[in-house]
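One structure below.
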Amino acid sequence: MTDEQRKSIALEYLKAFDNKGVTSSGGGILDLFADDAQVFFPKWGLATGKKQIGQLFTDFGGLIKSILHDYATFNWIMTGTDTFACEGASAGVHRDGAWRAGVTHAGRWCDVFEVRDFLIQRCFIYLDPDYAGLDTSRYPWLSAGDRDPSKPMG
116 MTDEQRKSIA LEYLKAFDNK GVTSSGGGIL DLFADDAQVF FPKWGLATGK KQIGQLFTDF
176 GGLIKSILHD YATFNWIMTG TDTFACEGAS AGVHRDGAWR AGVTHAGRWC DVFEVRDFLI
236 QRCFIYLDPD YAGLDTSRYP WLSAGDRDPS KPMG
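Under the numbering used here, residue 269 is the last one in the sequence shown; the count climbs by one each step, no gaps.
So this is what it looks like as structure tokens:
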């Protein structure tokens, strides 16, 4: 596979999330994964195989009312191998509140993919899963100097 082919599989996966788990061809998001694939999500852990990945996506998806990835801001780090990464930003509505990268703490993420034989073999998701920004009291720098702890620094 070429880097562009691998990238297109990962992009289809991210777009399927924005479309409630439905791919551009009308299939399900799990169709993009190998049977023994692995997905890591913070505070959930490691899902191995389509059944566990489906449970992870059901658990996560049950908390999300809507999500939209900002494709224009994606930074693809291609390696010429099956493994590559994508940094990006998103906005959406979690059951506990809305988020938007740069406006709230949530929304910036990095996914590390392994794509082989036109299927996702591995996707490790790195982000702050506190989409609604409710977990701020444990981080004193967020309210230092009379800052509004709900607003990101910088």
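Think of the CB as a built atom: it goes at the ideal place given N, C-alpha and C, for glycine as much as any other residue.
As the structure is a computational prediction, the values presented were derived from the model and not from experiment.
Can you check DSSP and say which residues form a bridge with residue i?
{"i": "M262", "result": "The amino acid occupying residue 262 in the given sequence is Arg; Met does not appear at that position. In the DSSP output, where bridge partners are listed per residue, R262 has none listed."}
{"i": "G143", "result": "V137"}
{"i": "L242", "result": "W224"}
{"i": "I235", "result": "F148 and V230"}
Report, in whole angstroms, the separation of the C-beta atoms of residue i and residue j, which I expect to be a contact under 8 Å.
{"i": "L249", "j": "L147", "result": "At roughly 31 Å, the Cβ-Cβ gap does not stay under 8 Å, so L249 and L147 are not in contact."}
{"i": "V230", "j": "I124", "result": "5 Å"}
Are the beta-carbon atoms belonging to residue i and residue j less than 8 Å from one another?
{"i": "L183", "j": "I168", "result": "no"}
{"i": "A204", "j": "W214", "result": "no"}
{"i": "P267", "j": "G212", "result": "no"}
{"i": "D151", "j": "T163", "result": "yes"}
- Query: Do the stretch 214 to 228 and the stretch 240 to 249 make contact, defined as three or more Cβ pairs closer than 8 Å?
  - Reply: Yes, they touch.
- Task: Would you mind listing the alpha helix (DSSP H) stretches within the stretch 152 to 232 that are 4+ residues and don't spill past its ends, in chain order?
- Result: Fully enclosed alpha helix (DSSP H) runs of no fewer than 4 residues occupy 164 to 176 of the stretch 152 to 232, in order along the chain.
- Give a yes or no on contact between the stretch 142 to 157 and the stretch 257 to 268, applying the rule of three or more CB pairs nearer than 8 Å. With the cut-off at 8 Å, the stretch 142 to 157 and the stretch 257 to 268 do not touch.
- Would the stretch 192 to 200 and the stretch 163 to 181 be scored as touching if the rule is three or more Cβ pairs under 8 Å? no
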